[in-house]
Amino acid sequence: MTKQERINVMYKKNQQLAWARSFLLIVMLLCVFSIQRNDWYIVGAASSLVLIGAVLSYESRFVKSLTSKNEAKQIITKQYVYDFVVILLIVFTYLLTGRLGVTWFLPVLVIGFVLAIHRIQRNLDNRLTREDPEHPIRRDIKLSNVKD
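The sequence shown begins at 5 in the numbering used here and counts up one residue at a time.
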């Protein structure tokens, strides 16, 4: 499969999974914001996190199926694991700063997490390009690169 064919397939799969990611993220955010009113919302937040993990796992398996190189598959797995870890860190940071009353700390940590994951993802993209030059990186998966 050529790089262009992979871009087309990955873009279509991203479009199919966009509704699931969006819905689960909205449900999780509502539950996380509501936890401060009632602790039972933790069940909804935890369920949403599990389902988000399942969607990311499904997407990871799909993207890994497009390459035959084991090193590239390991890099792809790391990318999706880091995505999930950032979601977890932001949720836990929000909950902890709300409970501790240190609200100024939340934006500092979120910005730090986002900058760190951006740097890590860029390094993983560079490694992925070295391991499998035909495999598109995340920046390649956009509408302007899709050609049918």
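Where a beta carbon is used, it is the ideal one built from N, C-alpha and C, also for glycine. Since the model is a prediction, treat every value here as computed from it, not as a measurement.
Cβ-based neighbour list, residue i, same chain, cut-off 7 Å, excluding 5 preceding and 5 following
{"i": "D87", "result": "L60"}
{"i": "F109", "result": "T101"}
{"i": "C35", "result": "Y45, G48, A49 and S52"}
{"i": "R65", "result": "none"}
{"i": "Y98", "result": "V36 and L110"}
Burial state of residue i (16 or more Cβ within 10 Å)
{"i": "V47", "result": "exposed"}
{"i": "H139", "result": "buried"}
{"i": "T107", "result": "exposed"}
{"i": "Q40", "result": "exposed"}
{"i": "D136", "result": "buried"}
{"i": "R10", "result": "buried"}
{"i": "V67", "result": "buried"}
Coil, strand or helix - residue i by DSSP
{"i": "R10", "result": "helix"}
{"i": "S148", "result": "helix"}
{"i": "E138", "result": "coil"}
{"i": "K16", "result": "helix"}
{"i": "T107", "result": "coil"}
{"i": "M5", "result": "coil"}
Same chain, Cβ closer than 6 Å to residue i, five either side skipped, listed in chain order
{"i": "S69", "result": "none"}
Any non-hydrogen atom of the ligand FAD closer than 7 Å to residue i Cβ
{"i": "D43", "result": "The model depicted lacks the ligand FAD and carries no ligand whatsoever."}
Does the structure place the stretch 13-27 close enough to the stretch 77-94 that three or more beta carbon pairs sit under 8 Å?
no
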